[in-house]
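Each residue of the sequence shown is one higher than the one before, counting from 5 in this note's numbering.
From the three backbone atoms N, C-alpha and C, an ideal C-beta is built for every residue, glycine too.
Remember, it's a predicted structure, so these values are computed and weren't measured experimentally.
Following: one structure in structure tokens, then a few remarks.
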Amino acid sequence: MRKLIVVASVAASLLLGCDQKSTEKRKTLSEALVAKSLSNMVPVQGGEFLMGDFGPLVGEKLPFSINQDDKVLHKVVLSDFSISKYKVTNDDYNKYLQITGVKKPPINILLKDYPSLQKSDYSVGITWQQAKDYCQWLGKESGKKFDLPTEAQWEYAARSRGQYIPFATNNGEFLPGKNIPSQDELSEYTDGAGIPIYPVGKYPPNPWVCMIWDLVAQNGPMTGMRQIITLILR
């Protein structure tokens, strides 16, 4: 009986030690991920701009979009906010899953066929709710107000504070192979899939933030009267 008690005590001590090491590792990963996320934030000065298809106001005076559901031009006022200059990567999201114990989403069939899309420095593919949960976790861990960008914030940042810029690149022009990936580059990045997913930070940013083709908050206010840190997720 005495031997049994000793063995049980040793086993319990080993388990406790493993739990402590696991907790410390998660804490270290969490601190590093939060610090990285905060360092990637770019401050954007708020202001007033015309949101929507501004094609009729420039160049040939024709709409840029043929989509019937695009909003007509309307005035929007935003307060100051910060937005991530990079999309959240597979590595970032996998660390979040490891830290929180959140169940990893099922692998999309597309990822099975094109394994390069799972590389650590590629933008992660998740649902809107998963993206929202990630932002809320960052907010809780950092003590800051994190959220997905509203549609207004997204467009304002992509257009370098609401300027009449058709392409969210470093010079407002569409130059495949220079400031956006060419079709051949996309094919190389994605095992032939040719879809616009590639390593973050690969091309120069616009004057305020990197190119933004991402999820936006569906219920966010069109006029922001608060300071908030928004996060880019794909």
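Residues in the same chain with beta-carbon distance under 7 angstroms from Asn-174, minus the five sequence neighbours each way, listed in chain order, please.
Here residue 174 is taken as the residue at index 170 of the sequence shown, counted from 1. Cβ within range, chain order: Asn-183, Pro-208, Pro-209 and Asn-210.
Return the chain-ordered list of same chain residues with a C-beta closer than 7 angstroms to the C-beta of Gln-122, the five sequence neighbours on each side being excluded.
Counting from 1 along the sequence shown, the entry for residue 122 is found at position 118. Asn-94 and Leu-115.
Are there 16 or more other CB atoms within 10 angstroms of the CB of Asn-44, so buried, or fewer, so exposed?
Locating residue 44 in the sequence shown gives position 40, counting from the first residue. Asn-44 should be labelled buried.
Just verifying my parser: in three-state terms, what is the DSSP assignment at Gly-143?
The residue you call residue 143 lines up with position 139 of the sequence shown. Note: Gly-143 maps to helix in three-state DSSP.
Cβ-Cβ distance between Ile-125 and Pro-185 below 8 angstroms:
Working through the sequence shown from its first residue, we reach residue 125 at position 121. Working through the sequence shown from its first residue, we reach residue 185 at position 181. Looking at the sequence itself, residue 125 is Asp, so the reference to Ile does not match. In this structure, Pro-185 does not lie closer than 8 angstroms to Asp-125 by Cβ.
Using DSSP bridges, identify the partner residues of Glu-52.
Counting from 1 along the sequence shown, the entry for residue 52 is found at position 48. In the DSSP output, where bridge partners are listed per residue, Glu-52 has Val-81.
Straight-line CA distance for Lys-99 to Gly-63?
The residue you call residue 99 lines up with position 95 of the sequence shown. The residue you call residue 63 lines up with position 59 of the sequence shown. In a straight line, the C-alpha of Lys-99 is about 46 angstroms away from that of Gly-63.
Straight-line CA distance for Ser-26 to Ser-34?
By one-based count along the sequence shown, residue 26 stands at place 22. By one-based count along the sequence shown, residue 34 stands at place 30. In a straight line, the C-alpha of Ser-26 is about 12 angstroms away from that of Ser-34.
Presumed contact (8 angstroms Cβ cut-off) between Tyr-160 and Phe-53, rounded CB distance
Here residue 160 refers to the residue found at position 156 when the sequence shown is read from its first residue. Here residue 53 refers to the residue found at position 49 when the sequence shown is read from its first residue. Yes, Tyr-160 and Phe-53 are in contact; Cβ-Cβ is about 6 angstroms, under 8 angstroms.
Per DSSP, what are the beta-bridge partners of Val-46 in this structure?
Position 42 of the sequence shown, counted from the first residue, corresponds to residue 46. Val-46 is bridged to Ile-87.
Helix, strand or coil at Tyr-126 according to DSSP, with G and I counted as helix
Residue 126 sits at position 122 when you count from the first residue of the sequence shown. Three-state DSSP puts Tyr-126 in a strand.
Cβ shell of Ser-146 (< 7 angstroms), same chain only, five flanking positions each side left out:
Position 142 of the sequence shown holds residue 146. Contacts found: Val-38 and Leu-42.
Give a yes or no on whether the C-beta atoms belonging to Leu-77 and Asp-96 are separated by under 8 angstroms.
Within the sequence shown, residue 77 is the residue found at index 73, counting from 1. Within the sequence shown, residue 96 is the residue found at index 92, counting from 1. For Leu-77 and Asp-96, no; Cβs fall outside 8 angstroms.
Just the C-alpha distance for Ile-201 and Ser-83, rounded to the nearest angstrom, thanks.
Along the sequence shown, read from residue 1 onward, the residue named residue 201 stands at position 197. Along the sequence shown, read from residue 1 onward, the residue named residue 83 stands at position 79. One C-alpha to the other measures close to 31 angstroms.
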